[in-house]
Amino acid sequence: MVDLSANEAASLTKLAARGAGYPWGLCEEAVVAARWLCSFELSGMQALLSLCLRVDQQPLSTFTPQIEGTTWKPVSAGLCPLICGSALSDRAALIAARSSITIESVMSPILLLPFVAQMSAISATSVQLSWNDFVLVCHADQIYANRDADDFDQRCMNDDESATVALQMHIEPSSSMSEWSVRTDSRQNLLPACLHKLQKLAQRTYAPNTEQSRLLGAGAGNSDND
Amino acid sequence: MLPIHTRGMLNSTEPRQTSSRDVVQRRPADVVMRLDRLGSMHQSRLSFMRILTRRLKTEKWSITQKSFCIDETGVGHATYSITGPHNTYTLVAFAHDLPPEQRSDRVIATAWDATFTLYDGIPSEEDISRLAANVPYQEAGRISSTELTLARANRSVRLWEHVVAALAQGHQPDANQIDSVGYLMRTTAVYGSGKFGATDRQAVAGRPEFSVPFQAEMLTVYLIRTFVRDLVQHMANVRGGPATVQLDPDLARRLGIGNSTGLGMAPFLINHPQLFNNWITVREEALARVRNIEFVSEPEWAVFKDVLARTRVSVDAWHSAHPLQAEKIQQLNRDLERLDTYLPGIRMPTHYLWDRLYEWAVSELCVEAQECLVSLMMEPHADLIDGLDACMSAPDGAFRIDGSMPVSRLRQCVEEHYQWALKVDWDVREHCARAWYVSEEKLEPRLGERFEEPIEEYEQPLAPARDVCRLHDALNSFDADNVCAEFLLKHPEHRHAVRRVQLMDRAPYAEIRDNTISASLVPFDMLRCKLAFFGATHFDPRSDRWLRICLYANAPYPEETASRDVDTWVYPPPH
């Protein structure tokens, strides 16, 4: 595993998302989401990598939901959790007033979790989200789930297929749920292969070096003997 | 956004204001945030270096040279530990033998005269071995969560040789030569906050000594200065043997540490809008408090006159071959002379002296001199100002967008805060001639010509004014009664700009109010602004995007902090 500082992880996340074709504002949301997942020892950057490889510079409209009442539907392919998540966070008060929302065919649905937690915190509303056999509740700045964080993470990484996510508002955690604990250390451990692939995406944002750029772009000579 | 008005927090720094006169407010962002003014900023009581040296004395920090394993060719390592009330930090310094053809201040350099890291605690032998295998390679190496910073420095070859030769021959180096260069080594990067594996700022921000921004970096440079003094003495001892003399402490104190800063620093101010807002807010609050003082006491007036005289000494010694800077220095010299001539006409006590002086300066002096005066007026008022340093940091992470804000309100915010930008015709090539990008070569930040180089697709989001104008266009054709959340679902490409605009509504000093991609942009204005907050002096642009400065010249060395002035050392002794 490679040990990254939170700053390095944030920078890599932002540039990898940019390399996948996201506009800067959504890249910033990707940083927030990956950092939040990391604070619960969940593989946020791995999930982001998987998402970026699927989006891979295709038009974002392909992954943007059509909102029909309480159902968010994909146009063609799966929905992007960064777009859906940002939209949830942006609509926090509005959504808190509803009883449920269904978001169909979300890619890497684990990436939706940070935004739902944020929405829950902003609106001071408990929100339950469920997909496949996962049930999680965001309540009073805490996360409760029907399995522990490690088990949840392993299953998400092994099965990263798109899934329909159901959100239910004003649902409090049941007593059988486990409460996830937050880490204080914000550093991230990444598998070298994951790091390498994220770096390759980030590399798309760097301009190829040219002699003109080398000489003029930073504005200083190459020798400083004085 | 800032708790400056909170009485409890800053009780001791309430304005001394008794009259019924209108209270002077902080200056408007439209005045303060122009690049020509930001690029004329001077160090002040609130500079990060001075905050650090004051703390070292107040808290009685002590320093020990733990090791000095450097051979007669000048190669090896040394460690310096500094201990405060709660923690010890150790500068681990590596000295190298650098061939002259490799001496470059650029980010793309791969070897240096000396390399450094600041270790959190006291390193073991194993730590030193690990660091020796990484720190000399800088970006190509890796440090860890026990290290706070990573830095490197190159010699001023000319002054280094002069000092070594003089001491080895048994006499002191020439003070004029020391003053004309100002430093024996200049750092070419001081990385902190999680770079290359180092610990993150947020992990240590809770420690009192790091509550103010950039304190770990400032401490690193301060300790580097001590190491460099010891290294030059060591090299003189090697050359001169028993005939060598010790460098006179008064001469040693005149030596600062140089710093060579390129474009990498410029995006920082745009990428950290909340932090930048807080720095400027604190400075503007300090100025407003001073301008609201009804009567200045004789001792306070004497402090002002003293630092003004010493500033004139400093400005006399400030040289730059860059035509823009040379002209500014000349103007500053001329205007400080005018200020000096104006002062005897002031009768004490004068009602609201500082405010009158400031208003006079605005009508009579150049911007460079106005900003210099702003810093000088703060000097006598530690009690009003120094406590503001607690408000200079900012939370980490992106500001959260309020999606419930009506589109009409967002558009109003744009028109209120970016009025100047809306007047720019962004289709004119000169107004968008430049583009900021990152080169694949060592990830060096660069500024290129948009219409002449293939760089546009790599453009970094460092042109907020243009981007906000594009947002404004899009808002104009969107339902004004709808909310931002709906707008952003249709227009995710404007999410970054919406975030900035909403932040500006709470943090008016968050944005540089000038065109950062104009053909006429002078990038070193952005560098200078940040460096002035560090406490740098003698800005010397080497091109429009490359600046040399001096840090810690005339500061006491760590072992002198108990006995010497740790506050106003930045002003050299009067002639």
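Quick note, the sequences are listed as chains A and B, same order.
Going by this note's numbering, the first sequence opens with residue 22, and the numbers climb by one from there.
Going by this note's numbering, the second sequence opens with residue 618, and the numbers climb by one from there.
Built from N, CA and C at the ideal position, the CB exists for glycine as well.
| Item | Value |
| --- | --- |
| Residue from B:Ala815, B:Pro1158, B:Val845 whose Cα sits closest to the Cα of B:Phe1141 | B:Pro1158 |
| Three CB pairs or more closer than 8 angstroms across the segment 865-880 of chain B and the segment 976-994 of chain B | no |
| Option in B:Phe733, B:Thr675, B:Arg723 with minimal Cα separation from B:Ala695 | B:Phe733 |
| Validate contact between the segment 127-139 of chain A and the segment 1031-1046 of chain B using beta carbons, cut 8 angstroms, 3 pairs | no |
| Top-ranked residue by Cα proximity to B:Ser684, from B:Met835, B:Ala1080, B:Ile739 | B:Ile739 |
| Listed by chain order, chain B residues near A:Trp45 by CB distance under 7 angstroms | Pro1078, His1113 |
| Inter-stretch contact at 8 angstroms, needing at least 3 Cβ pairs: the segment 142-150 of chain A / the segment 169-177 of chain A | no |
| DSSP three-state assignment for B:Ser657, whether helix, strand or coil | coil |
| Beta strand (DSSP E) segment containing A:Ala142, residue limits | Premise fails: A:Ala142 lies in the alpha helix (DSSP H), 134-144, not in any beta strand (DSSP E). |
| C-beta atoms of A:Cys159 and A:Ala138 nearer than 8 angstroms | yes |
| Chain-ordered chain B contacts of A:Leu81 [CB-CB under 8 angstroms] | Pro1109 |
| Cβ neighbour criterion (16 or more within 10 Å) applied to A:Met22 | exposed |
| contact_flag[the segment 56-76 of chain A, the segment 1126-1144 of chain B] where n(CB pairs < 8 angstroms) is 3 or more | no |
| Inter-stretch contact (C-beta, 8 angstroms, three-pair minimum) for the segment 822-834 of chain B and the segment 658-677 of chain B | yes |
| Same chain, Cβ closer than 8 angstroms to B:Arg723, five either side skipped, listed in chain order | Thr805, Gly879, Glu1061 |
| Proximity test, Cβ basis, 8 angstroms: B:Ala1015 and chain A | yes |
| Beta-carbon proximity list for B:Arg929, same chain, < 7 angstroms, skipping 5 on both sides | Leu953 |
| Length of the line joining the Cα atoms of A:Met178 and A:Ser64 | 8 angstroms |
| Beta-carbon neighbours of A:Arg235, restricted to chain B and to distances below 7 angstroms | Glu1058 |
| Alpha-carbon to alpha-carbon, B:Gln947 and B:Leu1105 | 50 angstroms |
| A:Tyr165: contacting residues in chain B (beta-carbon distance under 8 angstroms) | In chain order: nothing, as chain B lies at least about 23 angstroms away. |
| Through-space distance from A:Arg204 to A:Glu193, alpha-carbon basis | 23 angstroms |
| Close beta carbons around B:Arg846, own chain, < 8 angstroms, minus the five adjacent residues each side | Leu801, Leu864, Ala869, Leu872, Tyr1174 |
| Whole-number beta carbon distance between A:Pro86 and A:Pro95, since they are thought to touch under 8 angstroms | 7 angstroms |
| 8 angstroms Cβ cutoff met for A:Ile122 and A:Trp93 | yes |
| Separation of A:Ala41 from A:Cys215, as counted between CA atoms | 15 angstroms |
| Beta strand (DSSP E) segment containing B:Glu1066, residue limits | 1062-1066 |
| Whole-angstrom distance between B:Arg1026 and B:Met1121, CA atom to CA atom | 13 angstroms |
| Top-ranked residue by Cα proximity to B:Gly1056, from B:Asp1161, B:Gln1077, B:Val932 | A quick correction: the sequence has Ser, not Gly, at residue 1056 of chain B. When each option's Cα is compared against that of B:Ser1056, the closest is B:Gln1077. |
| Cβ neighbour criterion (16 or more within 10 Å) applied to B:Phe1068 | exposed |
| Cβ of A:Gly40 within 8 angstroms of any chain B Cβ | no |
| Supposed contact pair B:Leu925 and B:Leu956 - C-beta distance, whole angstroms, cut 8 angstroms | 7 angstroms |
| Cβ neighbour criterion (16 or more within 10 Å) applied to B:Ser843 | Going by the sequence as given, residue 843 of chain B is Thr instead of Ser. B:Thr843 comes out buried. |
| Contact set between A:Pro229 and chain B, taken where Cβ atoms lie within less than 7 angstroms | Glu1057 |
| Below-8 angstroms beta-carbon distance, B:Lys812 vs any chain A residue | yes |
| N- and C-terminal bounds of the alpha helix (DSSP H) containing B:Trp1186 | Run containing B:Trp1186: none; DSSP gives neither H nor E here. |
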